[in-house]
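Residue numbers (the working numbering), protein chains in the order written: chain Y, 5 to 373; chain S, 5 to 373.
C-beta atoms are modelled at their ideal positions from N, C-alpha and C, and glycine is treated no differently.
Protein chains: 2
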Amino acid sequence: MFARPQVSVVKGGLVPVSEGSSPTQADVATLAGVSSQTVSRVANSRTNVDEATRGRVLSAMRQLGYRPNTAARALATGKFRMIGVISFALNAHGNARTLQAISSAAQDSGYSVNVIAVRASTGGAVREAFSALAAQAVDGIVLIEAQILDRPDLDLPHGVPVVIADGDLDQRFPSVDNNQALGARAATEHLLGLGHETVWHLAGPEDSYSARRRADAWRAALTAADAQVPPVSHGDWSAQSGYEAGRSLAARQEVTAVFAANDHMALGLMRALVEVGRVVPRDVSVIGFDDVAESGCFQPPLTTVHQDFEEVGRRCVALLLDEIAGCAAPGAVSTIPMRLVLRSSTAPPRSAAADGACSGPGDVRAGAG
Amino acid sequence: MFARPQVSVVKGGLVPVSEGSSPTQADVATLAGVSSQTVSRVANSRTNVDEATRGRVLSAMRQLGYRPNTAARALATGKFRMIGVISFALNAHGNARTLQAISSAAQDSGYSVNVIAVRASTGGAVREAFSALAAQAVDGIVLIEAQILDRPDLDLPHGVPVVIADGDLDQRFPSVDNNQALGARAATEHLLGLGHETVWHLAGPEDSYSARRRADAWRAALTAADAQVPPVSHGDWSAQSGYEAGRSLAARQEVTAVFAANDHMALGLMRALVEVGRVVPRDVSVIGFDDVAESGCFQPPLTTVHQDFEEVGRRCVALLLDEIAGCAAPGAVSTIPMRLVLRSSTAPPRSAAADGACSGPGDVRAGAG
DNA sequence: ACAGTATGAACGGACACTTGA
DNA sequence: CTCAAGTGTCCGTTCATACTG
Numbered sequence: 005m006f007a008r009p010q011v012s013v014v015k016g017g018l019v020p021v022s023e024g025s026s027p028t029q030a031d032v033a034t035l036a037g038v039s040s041q042t043v044s045r046v047a048n049s050r051t052n053v054d055e056a057t058r059g060r061v062l063s064a065m066r067q068l069g070y071r072p073n074t075a076a077r078a079l080a081t082g083k084f085r086m087i088g089v090i091s092f093a094l095n096a097h098g099n100a101r102t103l104q105a106i107s108s109a110a111q112d113s114g115y116s117v118n119v120i121a122v123r124a125s126t127g128g129a130v131r132e133a134f135s136a137l138a139a140q141a142v143d144g145i146v147l148i149e150a151q152i153l154d155r156p157d158l159d160l161p162h163g164v165p166v167v168i169a170d171g172d173l174d175q176r177f178p179s180v181d182n183n184q185a186l187g188a189r190a191a192t193e194h195l196l197g198l199g200h201e202t203v204w205h206l207a208g209p210e211d212s213y214s215a216r217r218r219a220d221a222w223r224a225a226l227t228a229a230d231a232q233v234p235p236v237s238h239g240d241w242s243a244q245s246g247y248e249a250g251r252s253l254a255a256r257q258e259v260t261a262v263f264a265a266n267d268h269m270a271l272g273l274m275r276a277l278v279e280v281g282r283v284v285p286r287d288v289s290v291i292g293f294d295d296v297a298e299s300g301c302f303q304p305p306l307t308t309v310h311q312d313f314e315e316v317g318r319r320c321v322a323l324l325l326d327e328i329a330g331c332a333a334p335g336a337v338s339t340i341p342m343r344l345v346l347r348s349s350t351a352p353p354r355s356a357a358a359d360g361a362c363s364g365p366g367d368v369r370a371g372a373g
Numbered sequence: 005m006f007a008r009p010q011v012s013v014v015k016g017g018l019v020p021v022s023e024g025s026s027p028t029q030a031d032v033a034t035l036a037g038v039s040s041q042t043v044s045r046v047a048n049s050r051t052n053v054d055e056a057t058r059g060r061v062l063s064a065m066r067q068l069g070y071r072p073n074t075a076a077r078a079l080a081t082g083k084f085r086m087i088g089v090i091s092f093a094l095n096a097h098g099n100a101r102t103l104q105a106i107s108s109a110a111q112d113s114g115y116s117v118n119v120i121a122v123r124a125s126t127g128g129a130v131r132e133a134f135s136a137l138a139a140q141a142v143d144g145i146v147l148i149e150a151q152i153l154d155r156p157d158l159d160l161p162h163g164v165p166v167v168i169a170d171g172d173l174d175q176r177f178p179s180v181d182n183n184q185a186l187g188a189r190a191a192t193e194h195l196l197g198l199g200h201e202t203v204w205h206l207a208g209p210e211d212s213y214s215a216r217r218r219a220d221a222w223r224a225a226l227t228a229a230d231a232q233v234p235p236v237s238h239g240d241w242s243a244q245s246g247y248e249a250g251r252s253l254a255a256r257q258e259v260t261a262v263f264a265a266n267d268h269m270a271l272g273l274m275r276a277l278v279e280v281g282r283v284v285p286r287d288v289s290v291i292g293f294d295d296v297a298e299s300g301c302f303q304p305p306l307t308t309v310h311q312d313f314e315e316v317g318r319r320c321v322a323l324l325l326d327e328i329a330g331c332a333a334p335g336a337v338s339t340i341p342m343r344l345v346l347r348s349s350t351a352p353p354r355s356a357a358a359d360g361a362c363s364g365p366g367d368v369r370a371g372a373g
């Protein structure tokens, strides 16, 4: 029972303790002349503290630059006030915007955000990310872009609240979704409405739920309109992949309208069309998906489907916080509407005006497959 | 000294404790038949544990799905194994990529990442973000895009290791930088080398260090080549702003070469040029900055300066970890090289072949200012 | 009695010592 | 005397409970 070695002794007077390490509740208490218990009450804005006392404590806190130690608080309460976000490719446009929104919303609710960028989609990496880092110091988890869940071996730890953004297929978790089907249908119907006999589709990767949902809706819209369903090409969301897939599309004279699963692939496709001398939208109409900020400056400005990623992020946080609070709706799906943004990359098919000149299959350059 | 209420009693046998809450060190200890101290030793891979014992503990941990409680560990060690990242606009291309890289690198070193997206650049918001959230549960901080630091009233908390990515001007903190000057100079010299009399500049926002550095290097390159320095226009990095600023540029017949401070503004500029019927690169050469993934699919494919954001992220983490470890180099600046990517948006000026036809100032549409 | 405030035990782990071979 | 394992107390907060005026 000697003098405790660590705690700086401020017995004497009102010397502000300003050593290297941050001040503790006890330091504040000493300075304010109250017990640390009272400081805790003030820090958590409890009721039963005298106004004058509260004021003293508050000013002591300010003077010392006191910040409650989150680790200690977390240990004591079992709550971390932190949400985890797991995502592939944070640099992907939509994911980045969603993350930004999540971060803002979390801050507003006094939560901080722990991001994990999963590099490979190897099941192990995801699970490890999940359990190792997130499950521990986090009150809940948002999973963005969840082809992750595709692999059935990935059992998410139960007990930890989870929300899936844009990717769930089963109903195990609440999820927030852009209304992909609505958007894709609107896009397809827009092109059909312009008079195109059918609409081709440049889809996203096969293991992406978003991509799959867009493709399904496209197919359904075509079928509903009694239009033929052409074979789909797949890209990986990148402009480059859109260009590569676009070359075959561009070579087929019968292609007059293409719905690309995102704006960047649409850009690549348009590049491919330019290269073979087909002009958009005169010869081929192109429609994108996402409405990335710069799509209005594409050449030509791209007609596309606008997604509200900010709203997705906000709702994810709201849902997750509900789950954390205990008022969980197990399979709740929150759906965000999308809208078509009309610009200049779509038009009625040329054939509507003058047909006939269309040369036969001899003109087709790439493989007929 | 009654039975402790919380800790589940596993006295009897080897019943795996699988209640709702996660197992503790003590649970593992009980199951393995050792003291919790030994479990701690195994968890931290200390040497002085018998191999057989270690094995027993390890299997007990596995059986229980034990994960050390990060809060408790942080409280005991004073280390959080977490780095904070503060950034404006996470959705901005470069920032997102840097964050992605930071996240990967941090994971590799066993750190997790706490992101804070600062919404407004109001000094208060930043400081609050900084001290309130980050300074607390974090071992160090990476600041991305630091016009933040511009305001002198923002005193970063001392004691917390900080690294600045792409934005420091003073030498208070170690920083990692793309070699903006090199890239901007290369871009300018490339255009000059093609025979353009001078190069115009579409700069980024005035309060961005990156933008400023690029503009400075452009100016220096011009001066070094005895070329006139035209007035600069400013955008906000967005394609839209590039378009708006680009309209004045496009209207001036004397503009034959423009260096845009990023690819998206270059895209907007090209759009503006198209609208007045000037073709790139025949009438005007355009060069961008960033080399965003899709710039090769622009119309025409954009010549630009490639930035290695991944390397920036990696180095930020490395530097920060050094600082945390104590081997800090106060004003260390780590610079990443950039390289020019030649595509199809630049060419010798048209006047080099045939001039004369250039109509006078009467043709200029927008204000001459 | 009642308002406020002080007290001591967790929370789960790490570490400096101490003890047992 | 060395190496394995155990004991005790602290990290900074919260919370239930006991205590003052």
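- Task: Identify the continuous beta strand (DSSP E) that holds phenylalanine 313 of chain S and give its terminal residues.
- Result: Per DSSP, phenylalanine 313 of chain S is not a residue of any beta strand (DSSP E); the alpha helix (DSSP H) it occupies stretches across 313-329.
- Tell me, please, which residues DSSP counts as bridged to leucine 344 of chain S. BP columns for leucine 344 of chain S point to S:Val309.
- Determine the closest residue to glycine 37 of chain S out of S:Gln111, S:Ser49, S:Arg50 and S:Ala56, with distance taken between C-alpha atoms. The option with the nearest alpha carbon to glycine 37 of chain S is S:Ala56.
- For serine 242 of chain Y, return the contacting residues in chain S, with the cut-off set at a CB-CB distance below 7 Å. Ordered by position in chain S, the residues that pass the 7 Å Cβ test against serine 242 of chain Y are Ala297.
- Item | Identity of the residue in Y:Val142, Y:Ser63, Y:Gly98 and Y:Ser338 nearest serine 242 of chain Y by Cα | Checking every option, the nearest Cα to that of serine 242 of chain Y belongs to Y:Gly98.
- Please check if any C-beta of chain S sits within less than 8 Å of the C-beta of isoleucine 120 of chain Y. The Cβ of isoleucine 120 of chain Y sits closer than 8 Å to at least one Cβ of chain S.
- Just the C-alpha distance for phenylalanine 263 of chain Y and glycine 292 of chain Y, rounded to the nearest angstrom, thanks. Take the alpha-carbon of phenylalanine 263 of chain Y and the one of glycine 292 of chain Y: they are about 6 Å apart.
- Task: Name, in chain order, the residues that DSSP records as bridge partners for serine 338 of chain Y.
- Result: DSSP lists Y:Val180 as the beta-bridge partner residues of serine 338 of chain Y.
- Under 8 Å (Cβ pairs) to chain S, residues found in the stretch 253-275 of chain Y: Cβ contacts with chain S come from His268, Leu271, Gly272, Met274 and Arg275.
- Coil, strand or helix - serine 252 of chain Y by DSSP: Of the three classes helix, strand and coil, the one that applies to serine 252 of chain Y here is helix, per DSSP.
- Message: If we require 3 or more residues per run, which beta strand (DSSP E) segments fall completely within the stretch 235-284 of chain Y?
- Response: Within the stretch 235-284 of chain Y, the complete beta strand (DSSP E) runs of at least 3 residues are 261-264.
- For my contact list, phenylalanine 84 of chain S and alanine 76 of chain S are in at a C-beta cut-off of 8 Å; report their separation, rounded to the angstrom. Incorrect: roughly 12 Å between the Cβ atoms, too far for contact.
- Task: Spell out whether any CB of chain S is found under 8 Å from the CB atom of proline 353 of chain Y.
- Result: Residue-level contact check: proline 353 of chain Y does not touch chain S, since none of the beta carbons of chain S fall below 8 Å from its beta carbon.
- Thinking just about the alpha-carbon of each residue, which of S:Leu198, S:Ser113, S:Ser214 and S:Asp294 is nearest to the one in threonine 260 of chain S? Considering only alpha carbons, the answer is S:Leu198.
- On the DSSP bridge assignment, give the partners of aspartate 220 of chain Y in chain order. Aspartate 220 of chain Y pairs with nothing; no bridge assigned.
- Message: Nearest by alpha-carbon distance to alanine 100 of chain S: which of S:Met86, S:Tyr115, S:Gly114 and S:Ile120 is it?
- Response: Nearest neighbour of alanine 100 of chain S by Cα position, chosen from S:Met86, S:Tyr115, S:Gly114 and S:Ile120, turns out to be S:Ile120.
- Between the stretch 226-246 of chain Y and the stretch 192-211 of chain Y, do at least 3 Cβ pairs fall closer than 8 Å? Output reads yes: the stretch 192-211 of chain Y touches the stretch 226-246 of chain Y.
- Query: Under three-state DSSP, which class holds asparagine 99 of chain S?
  - Reply: Here asparagine 99 of chain S sits in helix by DSSP.
- Query: Going by beta carbon distance, what residues of the same chain come within less than 6 Å of proline 341 of chain S, once the five residues before and after it are set aside?
  - Reply: So the qualifying residues of the chain are Asn183.
- Leaving out the 5 sequence neighbours to the left and right, which residues in its chain are closer than 6 Å to glycine 16 of chain Y when beta-carbon positions are compared? Per-residue confidence for glycine 16 of chain Y stands at a pLDDT of 32, beneath the threshold of 50, marking its modelled position as unreliable; the derived number appears in the next sentence. When the five nearest sequence neighbours on each side are left out, no beta carbon in the same chain lies closer than 6 Å to the beta carbon of glycine 16 of chain Y.
- Task: Mind listing the chain S neighbours of asparagine 95 of chain Y? Cutoff is C-beta to C-beta under 7 Å, in chain order.
- Result: Per Cβ cutoff of 7 Å: Ala100, Arg101 and Gln104.
- Query: Does any CB atom of chain S fall closer than 8 Å to the CB of tyrosine 247 of chain Y?
  - Reply: So, interface residue.
- Item | Any chain S beta carbon closer than 8 Å to leucine 324 of chain Y | Not closer than 8 Å to any Cβ of chain S, the Cβ of leucine 324 of chain Y fails to qualify, so no.
- Item | Counterpart residues of valine 89 of chain S in DSSP-defined beta bridges | According to DSSP, residue pairing for valine 89 of chain S in a beta bridge involves S:Val119 and S:Val146.
- Message: Using C-beta distances below 8 Å, list every residue in its chain close to arginine 354 of chain Y, excluding the 5 sequence neighbours before and after it, in chain order.
- Response: Within its own chain, the residues whose Cβ lies closer than 8 Å to the Cβ of arginine 354 of chain Y, once the five positions on either side in sequence are excluded, are Thr260, Arg286 and Asp287, listed in chain order.
- chain Y beta carbons: is any one of them nearer than 8 Å to that of phenylalanine 84 of chain S? Taking 8 Å as the CB threshold, phenylalanine 84 of chain S lines the interface with chain Y.
- Message: Could you tell me the alpha carbon to alpha carbon distance between alanine 80 of chain Y and threonine 74 of chain S, rounded to whole angstroms?
- Response: Rounded to the nearest angstrom, the two C-alpha atoms are 12 Å apart.
- Task: Determine the direct distance from the alpha carbon of arginine 318 of chain S to that of isoleucine 106 of chain S, and round the result to whole angstroms.
- Result: Going from the Cα of isoleucine 106 of chain S to the Cα of arginine 318 of chain S covers about 6 Å.
- Message: Count Cβ pairs between the stretch 293-305 of chain Y and the stretch 240-255 of chain Y that sit closer than 8 Å; are there 3 or more?
- Response: Pairwise C-beta distances place the stretch 293-305 of chain Y out of contact with the stretch 240-255 of chain Y, as fewer than three of them are shorter than 8 Å.
- Cutoff 7 Å; reference arginine 71 of chain Y; Cβ partners in own chain excluding five residues on either side: Closer than 7 Å at the Cβ level, and outside the excluded window around arginine 71 of chain Y, lie Ser26.
- List in chain order: all unbroken beta strand (DSSP E) runs of 3+ residues lying wholly within the stretch 53-91 of chain S. The stretch 53-91 of chain S contains these whole beta strand (DSSP E) runs: 86-91.
- Message: Between cysteine 320 of chain Y and chain S, is any beta-carbon pair separated by less than 8 Å?
- Response: Using a Cβ-Cβ cut-off of 8 Å, cysteine 320 of chain Y does not count as an interface residue toward chain S, since no Cβ of chain S sits closer than that to its own.
- Item | Nearest residue (CA-CA) to valine 321 of chain S, options S:Val122, S:Glu149, S:Val290 and S:Val166 | Answer by Cα proximity: S:Val166.
- Within chain S, the residues that valine 117 of chain Y reaches when beta carbons sit closer than 8 Å: Result: Asn118, Val119 and Ile120.
- Can you tell me the Cα-Cα spacing of valine 110 of chain Y and glutamine 311 of chain Y, whole angstroms? Here the sequence assigns alanine to residue 110 of chain Y, which means valine is not the residue at that position. Using only the alpha carbons, I get a separation of about 21 Å.
- Message: Taking CB distances under 8 Å as the criterion, tell me whether threonine 74 of chain S reaches chain Y.
- Response: With 8 Å as the cut-off, threonine 74 of chain S counts as an interface residue toward chain Y.
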